[in-house]
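*Asks:* I'd like to ask you about the structure that follows.
Numbering (my numbering), first residue to last: 1109 to 1815.
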């Protein structure tokens, strides 16, 4: 009896030890390896392999331990896979599968995992570039998954079959498999499967030379919502998207993607591999652009990182490129060193083509799916969080809109004038109108801050009453009214030039946002804890709340300006009509001499419509008896004005235009200025802002002189 108990305890200890070791083996790439060299990592794997093999030798003495042996062989296969010894990995997986298949009594407990063991065997064969053998294994696994109606297993097998076709230079068959997998993934609404199937289909498009379709599919797939922890899936997509950009010749876009990957601060182990790839590819672009210094820095940095990321194929690749780089720059000693390193690594790999298209695919899918289900369950159970998510999306939309509006407003010509008009417009209101506008502004701020609160302000969102929710809006309104009242008083603006008004406005605007942000931060800090995301979202919401009313204020100013412009245009029309009715075109003959040549231009003053400056030349628009022609002569606008200055019907309306009032039939206006139109002609003379007053004065003086 005691012997039996000791035997059972011994087996339990061995099994427990195996589970612990398997845990450490699966977490190998999730550990922080910043202080571990590649040699130490492989040494650690070798120790675990030796322990597993010793345990297997003991278990083989007790054939009844089939279950434990099968699990141990499976874990040992994973260790060999991590060590990149794929032949031994295949052997372990096959032995594990054989033991499980032989154990008919426990078919229900083991059978469900058999197809997944076949997937692991296929993955190892795939890594050895034995695509034909891997394809056969994946097909057998697909049949087993079909028998069990395992949808994710079916999708996995179809994708793996497609990858085999893709690497056997058969992208047409591959794209068919990936399309099937993508449709099945969409049907079962599995975001992770849709994501990876979309990536693989994009790869097939890439191999077919359909780069634009590949880029569009990658971009569409990138928009899918996955958990933040799924760095492997997103990193893999970004690498492939950048590759498509390179193939289509858009190196700048590819470089942006690589920089985005390099900026990742997640610390995820697999993401570090993708960052290393991005660094190497960035160096390739620098090399192609003959920026050898930058290429060298990137290659050396990538090589240094590979001391902590065991990947001999990538290391040999970098050594080869460093060899080519130094050879190109005639640094033969360094070139020889890296050539020898490259040859050593190449021999160590055994000239085997190891491809990293399937890296822990099944584990990634399981991990992504389980986390996605948990996330969905939490959202369904917590209504407040669901509302918060919707609010966040709407807030982002508002913030994006505000940024676009501020860009549009700043880029508008005459921004300073609009600010002045805005101040004058509201200053012209009577007391009743001002109170009405202030009341509207109070309602706006109160409603805005009631419905939009910072991200993660959970207590105020869920527990806050009406009074608590309206305090931020009311306080923002009070701060704005007080600050803008003192900042935009008439006495304050009288001492500012037009160019300084813009700076004054931005200073006041920034100060208002800062004061509101300070108050709101203290308020939310008193109610709830504040994190960086909360502060950032609070600032963006405050920024948005200020931009929206200012933008609509600008629209009102535009309407105000247009009304003024239309009135002035009508007034100028009347003045010009009086001039045309009360005077006749002059028949005086004018001669214009070229400043550089002996050419001359003679015409009657009454036949001249306008003059347009074109660099050092001037174009004269002359119409006589209905026949119009354009004459160009080498002369400056200044000289033309000197020749025509005594004729009051000739006015300068723009730095590039002179017009004859006798031929102007209509004046049009917009917020950008005015234009003088001529009878039966589609061209016009622009009236710039700087000449508007001069034109109006000239028209009035000419009219008064006639009358």
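Where is the CB? At the ideal position from N, CA and C, for every residue including glycine.
How would you write the range of the beta strand (DSSP E) that residue 1781 sits in, first residue to last?
*Replies:* In the chain shown, residue 1781 corresponds to position 673, counting from 1. Per DSSP, residue 1781 belongs to the beta strand (DSSP E) from 1781-1786.
*Asks:* In whole angstroms, what is the alpha-carbon distance linking residue 1556 and residue 1668?
*Replies:* Here residue 1556 refers to the residue found at position 448 of the chain shown. Here residue 1668 refers to the residue found at position 560 of the chain shown. Approximately 27 Å between the Cα atoms of the pair.
*Asks:* Output yes or no for whether 9 Å exceeds the beta carbon distance between residue 1272 and residue 1308.
*Replies:* Reading the chain shown from its first residue, position 164 is the one you call residue 1272. Reading the chain shown from its first residue, position 200 is the one you call residue 1308. In this structure, residue 1308 does not lie closer than 9 Å to residue 1272 by Cβ.
*Asks:* In three-state DSSP terms, what is residue 1285?
*Replies:* Against the chain shown, residue 1285 aligns to sequence position 177. Three-state result, residue 1285: helix.
*Asks:* Based on the DSSP secondary-structure assignment, which residues constitute the bridge partners of residue 1709?
*Replies:* Reading the chain shown from its first residue, position 601 is the one you call residue 1709. Beta-bridge pairing links residue 1709 to 1700.
*Asks:* Going by C-alpha distance, which of 1341, 1365 and 1342 is nearest residue 1351?
*Replies:* Taking the first residue of the chain shown as position 1, residue 1351 is located at position 243. Checking every option, the nearest Cα to that of residue 1351 belongs to 1365.
*Asks:* Taking the alpha carbon of residue 1264 as the reference point, which residue from 1300, 1233 and 1278 has its own alpha carbon closest?
*Replies:* For the purposes of this step, residue 1264 is taken as the residue at position 156 of the chain shown. Considering only alpha carbons, the answer is 1300.
*Asks:* With DSSP as the reference, label residue 1770 as helix, strand or coil.
*Replies:* Here residue 1770 refers to the residue found at position 662 of the chain shown. Of the three classes helix, strand and coil, the one that applies to residue 1770 here is helix, per DSSP.
*Asks:* Just to confirm before moving on: does the CB-CB distance between residue 1773 and residue 1787 stay below 9 Å?
*Replies:* Within the chain shown, the letter at position 665 stands for residue 1773. Within the chain shown, the letter at position 679 stands for residue 1787. In contact: residue 1773 and residue 1787 (Cβ atoms closer than 9 Å).
*Asks:* Please determine, among 1259, 1268, 1262 and 1260, the residue with the shortest C-alpha to C-alpha distance to residue 1241.
*Replies:* Residue mapping note: residue 1241 aligns to position 133 of the chain shown, counting from 1. The shortest Cα separation from residue 1241 among 1259, 1268, 1262 and 1260 belongs to 1268.
*Asks:* Is the CB-CB distance between residue 1624 and residue 1583 below 9 Å?
*Replies:* Along the chain shown, read from residue 1 onward, the residue named residue 1624 stands at position 516. Along the chain shown, read from residue 1 onward, the residue named residue 1583 stands at position 475. Yes. Within cutoff.
*Asks:* On a CA-only basis, which of 1354, 1355, 1326 and 1689 is nearest residue 1343? Give me that one, please.
*Replies:* In the chain shown, the residue the question calls residue 1343 occupies position 235. Of 1354, 1355, 1326 and 1689, the residue nearest in Cα terms is 1326.
*Asks:* Per DSSP, which one or two residues make a beta bridge with residue 1765?
*Replies:* Against the chain shown, residue 1765 aligns to sequence position 657. In the DSSP output, where bridge partners are listed per residue, residue 1765 has 1720 and 1762.
*Asks:* Would you mind listing the alpha helix (DSSP H) stretches within the stretch 1256-1318 that are 4+ residues and don't spill past its ends, in chain order?
*Replies:* Segments of the alpha helix (DSSP H) lying fully in the stretch 1256-1318: 1259-1275, 1279-1295 and 1299-1315.
*Asks:* What is the rounded straight-line gap between the Cα of residue 1659 and the Cα of residue 1432?
*Replies:* Along the chain shown, read from residue 1 onward, the residue named residue 1659 stands at position 551. Along the chain shown, read from residue 1 onward, the residue named residue 1432 stands at position 324. Near 57 Å, if we compare the C-alpha coordinates of residue 1432 and residue 1659.
*Asks:* Does residue 1155 pass the burial test, meaning 16 or more other C-beta atoms within 10 Å, or should it be called exposed?
*Replies:* As a working note, residue 1155 is residue 47 in the chain shown. Exposed, since its Cβ has fewer than 16 Cβ neighbours within 10 Å.
*Asks:* Does DSSP put residue 1750 in a helix, in a strand, or in coil?
*Replies:* In the chain shown, counting from the first residue as 1, residue 1750 sits at position 642. Helix, per DSSP.
*Asks:* Judging by CA-CA distance, which residue of 1742, 1262, 1233 and 1275 is the nearest neighbour of residue 1290?
*Replies:* One-based indexing of the chain shown puts residue 1290 at position 182. Among 1742, 1262, 1233 and 1275, the Cα nearest to that of residue 1290 is on 1262.
*Asks:* Rounded to a whole number of angstroms, what is the C-alpha to C-alpha distance between residue 1275 and residue 1200?
*Replies:* In the chain shown, residue 1275 corresponds to position 167, counting from 1. In the chain shown, residue 1200 corresponds to position 92, counting from 1. Going from the Cα of residue 1275 to the Cα of residue 1200 covers about 25 Å.
*Asks:* What is the DSSP secondary structure of residue 1399, reduced to helix, strand or coil?
*Replies:* Taking the first residue of the chain shown as 1, we reach residue 1399 at position 291. In this structure, residue 1399 counts as coil in the three-state DSSP scheme.
*Asks:* State the Cα-Cα distance for the pair residue 1379 and residue 1631, rounded to the nearest angstrom.
*Replies:* Start at 1 with the first residue of the chain shown, and residue 1379 comes out as number 271. Start at 1 with the first residue of the chain shown, and residue 1631 comes out as number 523. For residue 1379 and residue 1631, the distance between alpha carbons rounds to 39 Å.
*Asks:* Look at the Cβ atom of residue 1286, then the Cβ atom of residue 1266, and state whether they are nearer than 9 Å.
*Replies:* Within the chain shown, numbered from 1, the residue matching residue 1286 stands at position 178. Within the chain shown, numbered from 1, the residue matching residue 1266 stands at position 158. Yes. Within cutoff.
*Asks:* Please report the distance separating the alpha-carbon of residue 1403 from that of residue 1410.
*Replies:* As a first step, residue 1403 must be located in the chain shown, where it is residue number 295. As a first step, residue 1410 must be located in the chain shown, where it is residue number 302. So the two alpha carbons sit approximately 11 Å from each other.
*Asks:* If contact is defined by three or more beta carbon pairs under 8 Å, each pair taking one atom from either stretch, is the stretch 1753-1772 in contact with the stretch 1682-1692?
*Replies:* They touch, by the three-pair rule.
*Asks:* Please go through the same chain and pick out, in chain order, the residues whose beta-carbon is closer than 7 Å to the beta-carbon of residue 1372, but skip the five residues on each side of it.
*Replies:* Position 264 of the chain shown holds residue 1372. These residues qualify, in order along the chain: 1379 and 1383.
*Asks:* Could you compute how far the alpha carbon of residue 1574 sits from the alpha carbon of residue 1580?
*Replies:* For the purposes of this step, residue 1574 is identified with residue 466 of the chain shown, where counting begins at 1. For the purposes of this step, residue 1580 is identified with residue 472 of the chain shown, where counting begins at 1. Those two C-alpha atoms are separated by around 11 Å.
*Asks:* Rounded to whole angstroms, what's the CA-CA distance from residue 1368 to residue 1387? Just pull it up for me.
*Replies:* Numbered from its first residue, the chain shown carries residue 1368 at position 260. Numbered from its first residue, the chain shown carries residue 1387 at position 279. Those two C-alpha atoms are separated by around 11 Å.
*Asks:* Looking only at its chain, what residues have a beta carbon closer than 7 Å to the beta carbon of residue 1795, apart from the 5 residues adjacent to it on each side?
*Replies:* Within the chain shown, numbered from 1, the residue matching residue 1795 stands at position 687. The answer, listed in chain order, is 1761, 1762, 1781, 1782, 1783, 1784 and 1803.
*Asks:* Specify, as a first and last residue, the run of the beta strand (DSSP E) that residue 1728 falls within.
*Replies:* Taking the first residue of the chain shown as 1, we reach residue 1728 at position 620. Run containing residue 1728: 1725-1732, per the beta strand (DSSP E) assignment.
*Asks:* On the criterion of 16 or more Cβ atoms from any shown chain inside 10 Å, does residue 1158 qualify as buried, or is it exposed?
*Replies:* For this step, residue 1158 is matched to residue 50 along the chain shown. With fewer than 16 Cβ atoms within 10 Å of its Cβ, residue 1158 is classed as exposed.
*Asks:* Within the continuous alpha helix (DSSP H) that includes residue 1737, where are the two ends?
*Replies:* On the chain shown, residue 1737 is found 629 positions in, with the first residue counted as 1. Per DSSP, residue 1737 belongs to no alpha helix (DSSP H); it is in the beta strand (DSSP E), 1735-1742.
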